[in-house]
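When the sequence shown is numbered by UniProt numbering, its final residue is 113 and no position is left out of the sequence of numbers.
A short worksheet on the structure shown next.
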Amino acid sequence: MFNFLYFIMAIPLIIIIIFFIFKFKNLKNKEKLSPFECGFDPFSFSRASFSLKFFFIGIIFLIFDVEIVLILPYPILLSNKNLSIFVSFILVNLIIMLGLLYEWKMGMIDWLK
1 MFNFLYFIMA IPLIIIIIFF IFKFKNLKNK EKLSPFECGF DPFSFSRASF
51 SLKFFFIGII FLIFDVEIVL ILPYPILLSN KNLSIFVSFI LVNLIIMLGL
101 LYEWKMGMID WLK
């Protein structure tokens with residue numbers, strides 16, 4: 001039994017070792033690191049500046065997505081008429097709404113800044 005368990009635990013370790021052996025074999029190559037524009041040399045700098053607004057909006061989306069996952073089971077749980085479940089529901093929503101107000105106040109949601 002334990003031999004099989006050790007074998008199962010060794011498989012990911014072997015895969016990781018093989019990955020690192022092949023990864024370091026193909027170190028930095030000029031052709032792989034250069035941008036490709038239809039076979040021509042790039043006309044301009046290929047690394048365009050990335051606005052952090054996209055990152056912030058993505059994080060805000062993830063936070064509210066998690067909130068939706070937390071809110072979905074509450075209607076079923078509230079049928080039990082348990083006060084602690086109702087208080088936790090209000091507390092979760094209050095924390096999320098305070099976070100939204102803070103993000104709005106800091107201007108993270110405003111695209112025009």
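Beta carbons: idealized from backbone N, C-alpha and C, even for Gly.
- In this structure, DSSP gives residue 108 a state outside helix and strand, which the three-state scheme calls coil.
- DSSP places residue 53 inside the alpha helix (DSSP H), whose first and last residues are 52-71.
- By the C-beta criterion, the region 53-66 is judged not to be in contact with the region 78-85, since fewer than 3 inter-stretch pairs fall below 8 Å.
- About 6 Å separates the CB atoms of residue 103 and residue 109; that is less than 8 Å, so the two are in contact.
- For residue 78, no alpha helix (DSSP H) encloses it, and the DSSP letter there is neither H nor E.
- CA-CA distance, residue 91 to residue 55, rounds to 27 Å.
- Rounded to whole angstroms, the gap between the alpha carbons of residue 98 and residue 18 is 48 Å.
- Rounded to whole angstroms, the gap between the alpha carbons of residue 84 and residue 74 is 12 Å.
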